[in-house]
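In what follows, a structure is listed as structure tokens, so that the remarks can point back to it.
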């Protein structure tokens, strides 16, 4: 009798431990969906929801990478500028037309983008770990470098895809769909699945969390701390590149405003999703949900008729804080 | 004899002085925002091109072009430029409130001040003011939309950023459509960014089943708007009116694109006009003080080729 009660309460506690925290961001999202439906019936239209999901792809994909960096106790401020830089390099390469045929050209350009992204991330990682400099400073520096390089490559203007047929061939990657699901949404799912597998099911993922929880203990436990840290930045770079692969076909250009403030949005998405900013906890699906929340809030603002366009920033800020409060109160109630 | 000698020496001196004046070395400083979006990218390009041209035209003239990412660093840049010893300053200030006093301090050193695009809060600081016509940019757009829709229809507006320029354009637009049955369904900020304008337009399309025309006051934003419309495959939108004079949009007008029938000029090349006038004032002693307001010219298929700069980044 006592045994079963104890078992039950233990089971309940572990349920609460795992579920409520992980579920909290989704509750906040549901709360926003209800709010959106009240504001404007068009909000729940399939087209609108697909639009919002699709355009959250950039931040969601980048934020999955940021989840690794942040849960290992790092920070990457350079992701927005890096997106612009990778997009610029990719478009310039496609404009050279060195490879015959559209599909091979796109394939090589994509590989190049991922390579450039990984190298940018590697640079961040190596400077942070080998140079023993705060990641905040390193990535603030590389943010300036990537942004300036983009403007330099663009000669102060924008870098646009020149070949219209190549543009047409690439366009479906943003605008196309597979069985009715827009491709960017599938990319989010794929990236999040791989991310979740890496973080939760591999030794590397456990090392990331260990390094973020306590660097010294991790080091004494024989974890190659610097290598793990550096790899998280490489993963971040690859995620940025994947986001760029989906971004470029949308407007076919990299401009000085490309990726502006994406770093803040990505970090916000990660934190809303329940990852601790100080490291040691990582929640991939929460992060994706956080990115959705950010995009949904923006969408509700435009669809609503009663918020002055001057006050949108304030209302957005308030909604994000309230959503976080809802989340925290759920966790505390346990 | 002695007097004569003195006289000829004096005359000779004057001649030398006169010659020196003809090839006098003077310095014009150009302080502009960094290329943070398409239009300012155009400003930087035209300033650099014009600097080369002016240095060729006036031997002895040095033109320093300096870009700054924000208002505070522009104030610092102005100080640095002044200590190098300059004769004239051509500046496109980041914002009027912050930079009026720093520019006044430059003027107090006896420097000729040319202000471009954004008027200072104190009009007495600028010797020469060169700008596009913001209210007219809105008004011309409004009038065109009124005429094309026969005075009746539903329009959505995408604004830039909440600054004076944007206010003036919006007021002008309201004047342009005044007295008609044009209904403005919505106004939201697109931050002069393609990506943000794309989002806002997607949301407009979800929100309103019938839209006749779009006014977005900036060519960069029009790129995002067009993409959102083509994705939604909506046929109700007849055209999009933007402005500035970006080469891609001028090209569309030239080619007779149905969605971009016209463009309204607010050219970044205005900085080159300002530099040219300033140099003419310094070297040719032309009376250039005053205001020089460029027209918000309606670019149509017929005159588009006059405003097409294929080499410019914007």
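Chains as they are written, first to last, in our numbering: chain A, 4 to 337; chain B, 1165 to 1478.
From the three backbone atoms N, C-alpha and C, an ideal C-beta is built for every residue, glycine too.
Note that this is a predicted model, so its numbers are computed, not measured.
What are the residues in the region 1321–1340 of chain B lying within 9 Å of chain A by C-beta distance?
1323, 1326
Which residues in the same chain as residue 154(A) place their Cβ atom closer than 8 Å to its Cβ, once the five residues preceding and following it in sequence are excluded?
The count along the first chain starts at 1 and reaches residue 154(A) at position 151. Around residue 154(A): 259.
Could you please tell me which residues of the region 255–276 of chain A, in chain order, have their CB closer than 8 Å to any CB of chain B?
256, 258, 259, 260, 261, 263
From residue 1185(B) to residue 1439(B), what does the alpha carbon distance come to, in whole angstroms?
Stepping through the second chain from its first residue, residue 1185(B) is reached at position 21. Stepping through the second chain from its first residue, residue 1439(B) is reached at position 275. Low confidence applies to residue 1185(B): its pLDDT is 49, below 50, so where it sits in the model is not reliable, and the reading given next is rough at best. Cα atoms of residue 1185(B) and residue 1439(B): separation of roughly 20 Å, rounded to the nearest angstrom.
List in chain order: all unbroken beta strand (DSSP E) runs of 3+ residues lying wholly within the region 1268–1343 of chain B.
For the region 1268–1343 of chain B, whole beta strand (DSSP E) runs of length 3 or above, ordered along the chain, are 1276–1280, 1292–1295, 1316–1323.
Could you have a look at residue 120(A) and say whether DSSP puts it in helix, strand or coil?
Residue mapping note: residue 120(A) aligns to position 117 of the first chain, counting from 1. Residue 120(A): helix per DSSP, three-state reduction.
What does a CB cutoff of less than 6 Å around residue 138(A) pick up in its chain, not counting 5 residues either side in sequence?
Taking the first residue of the first chain as 1, we reach residue 138(A) at position 135. Hits under 6 Å: 77, 78, 131.
With 16 as the cutoff for other CB atoms within 10 Å, does residue 1385(B) come out buried or exposed?
Here the question's residue 1385(B) lines up with position 221 in the second chain. With 16 or more Cβ atoms within 10 Å of its Cβ, residue 1385(B) is classed as buried.
Measuring CB to CB, does residue 89(A) end up less than 8 Å from residue 249(A)?
Locating residue 89(A) in the first chain gives position 86, where the first residue counts as 1. Locating residue 249(A) in the first chain gives position 246, where the first residue counts as 1. Not a contact, by the Cβ cut-off of 8 Å.
Tell me the residue span of the alpha helix (DSSP H) that contains residue 143(A).
Translated into positions along the first chain, residue 143(A) becomes position 140. Counting along the chain, the alpha helix (DSSP H) containing residue 143(A) begins and ends at 138–156.
Within 8 Å of any Cβ in chain B, is that where the Cβ of residue 161(A) sits?
To locate residue 161(A), count along the first chain from 1; it is residue 158. Chain B contact via Cβ: present.
Have a look at residue 232(A) and residue 64(A) and give me their C-alpha separation to the nearest angstrom.
For the purposes of this step, residue 232(A) is taken as the residue at position 229 of the first chain. For the purposes of this step, residue 64(A) is taken as the residue at position 61 of the first chain. Straight-line Cα distance between these residues: approximately 19 Å.
Rounded to whole angstroms, what's the CA-CA distance from residue 110(A) to residue 164(A)? Just pull it up for me.
Here the question's residue 110(A) lines up with position 107 in the first chain. Here the question's residue 164(A) lines up with position 161 in the first chain. So the alpha carbons of these two residues sit roughly 15 Å apart.
So which residues of chain A does residue 1362(B) contact, with C-beta pairs closer than 9 Å?
In the second chain, residue 1362(B) corresponds to position 198, counting from 1. Result: 58, 253, 254.
Taking 8 Å as the limit between beta carbons, can you name the residues of its chain near residue 1312(B), skipping five residues before and five after?
Translated into positions along the second chain, residue 1312(B) becomes position 148. Here the set comprises 1377, 1402, 1403, 1425.
Output the distance between the C-alpha atoms of residue 168(A) and residue 1419(B), rounded to the nearest integer angstrom.
Here residue 168(A) corresponds to residue number 165 of the first chain, with the count starting at 1. Here residue 1419(B) corresponds to residue number 255 of the second chain, with the count starting at 1. Each residue's alpha carbon lies about 18 Å from the other.
Under a CB-based cut-off of 8 Å, is residue 27(A) close to chain B?
On the first chain, residue 27(A) is found 24 positions in, with the first residue counted as 1. Residue 27(A) does not count as touching chain B.
Beta-bridge partners of residue 1255(B), as assigned by DSSP
Position 91 of the second chain, counted from the first residue, corresponds to residue 1255(B). Partner(s): 1195(B), 1279(B).
So is residue 1453(B) in contact with chain A if we call contact Cβ pairs under 8 Å?
Taking the second chain and counting its residues from 1, one reaches residue 1453(B) at position 289. No - not a single Cβ of chain A is within 8 Å of the one on residue 1453(B).
What residue from 173(A), 245(A), 206(A) has the CA that sits closest to residue 192(A)'s CA?
As a working note, residue 192(A) is residue 189 in the first chain. Residue 192(A) has its Cα closest to that of 245(A), out of 173(A), 245(A), 206(A).
In chain order, what residues of the same chain have a beta carbon less than 7 Å from the beta carbon of residue 189(A), not counting five sequence neighbours either side?
Residue mapping note: residue 189(A) aligns to position 186 of the first chain, counting from 1. Only 181 meet the Cβ criterion.
Grouping DSSP H, G and I as helix and E and B as strand, with all else coil, what is residue 127(A)?
The count along the first chain starts at 1 and reaches residue 127(A) at position 124. DSSP places residue 127(A) within a helical segment (H, G or I) once states are collapsed to three.
Could you name the residues that DSSP lists as bridge partners for residue 1229(B)?
As a position in the second chain, residue 1229(B) is number 65, starting the count at 1. Bridge partners of residue 1229(B): 1194(B).
Could you check if residue 1287(B) is buried or exposed, using at least 16 other CB atoms within 10 Å of its CB as the buried criterion?
Within the second chain, residue 1287(B) is the residue found at index 123, counting from 1. Classification for residue 1287(B): exposed.
Compare the C-beta of residue 1358(B) with all C-beta atoms of chain A and state if any pair is closer than 8 Å.
Within the second chain, residue 1358(B) is the residue found at index 194, counting from 1. Yes, contact with chain A.
In chain A, what lies closer than 7 Å to residue 1391(B) by C-beta?
On the second chain, position 227 is the one that residue 1391(B) refers to. Going along chain A in sequence order, the residues near residue 1391(B) (Cβ under 7 Å) are 253, 254.
Chain B partners of residue 178(A), CB-CB under 7 Å?
Start at 1 with the first residue of the first chain, and residue 178(A) comes out as number 175. For residue 178(A), the neighbours in chain B by C-beta distance under 7 Å run, in chain order, 1395.
Use the C-beta contact count for residue 302(A): other C-beta atoms within 10 angstroms, 16 or more gives buried, fewer gives exposed.
Your numbering for residue 302(A) matches position 299 in the first chain. Classification of residue 302(A): buried, given that the 10 Å Cβ count is 16 or more.
Closer than 7 Å: residue 1461(B) CB and nearest the ligand NAD heavy atom
Summarising the ligand content, the structure contains no ligands, and the ligand NAD is consequently not present.
N- and C-terminal bounds of the beta strand (DSSP E) containing residue 1352(B)
Taking the first residue of the second chain as position 1, residue 1352(B) is located at position 188. Segment 1345–1353, the beta strand (DSSP E) holding residue 1352(B).
Name the one or two DSSP bridge partners that residue 163(A) has.
Locating residue 163(A) in the first chain gives position 160, counting from the first residue. According to DSSP, residue 163(A) bridges with 256(A).
Have a look at the DSSP bridge pairing and note the partners of residue 1377(B).
As a working mapping, residue 1377(B) is identified with position 213 in the second chain. Per DSSP, 1319(B), 1403(B).
Under a CB-based cut-off of 8 Å, is residue 1229(B) close to chain A?
Looking up residue 1229(B) in the second chain gives position 65. Answer no: the Cβ-Cβ gap between residue 1229(B) and chain A never drops below 8 Å.
Own chain, CB closer than 7 Å to residue 318(A), minus 5 neighbours either side, in chain order
If you number the first chain from 1, residue 318(A) lands on position 315. Answer for residue 318(A): 304, 310, listed in chain order.
Where residue 145(A) and residue 292(A) are concerned, what is the direct C-alpha to C-alpha distance, given to the nearest angstrom?
In the first chain, the residue the question calls residue 145(A) occupies position 142. In the first chain, the residue the question calls residue 292(A) occupies position 289. Roughly 28 Å separates the two Cα atoms.
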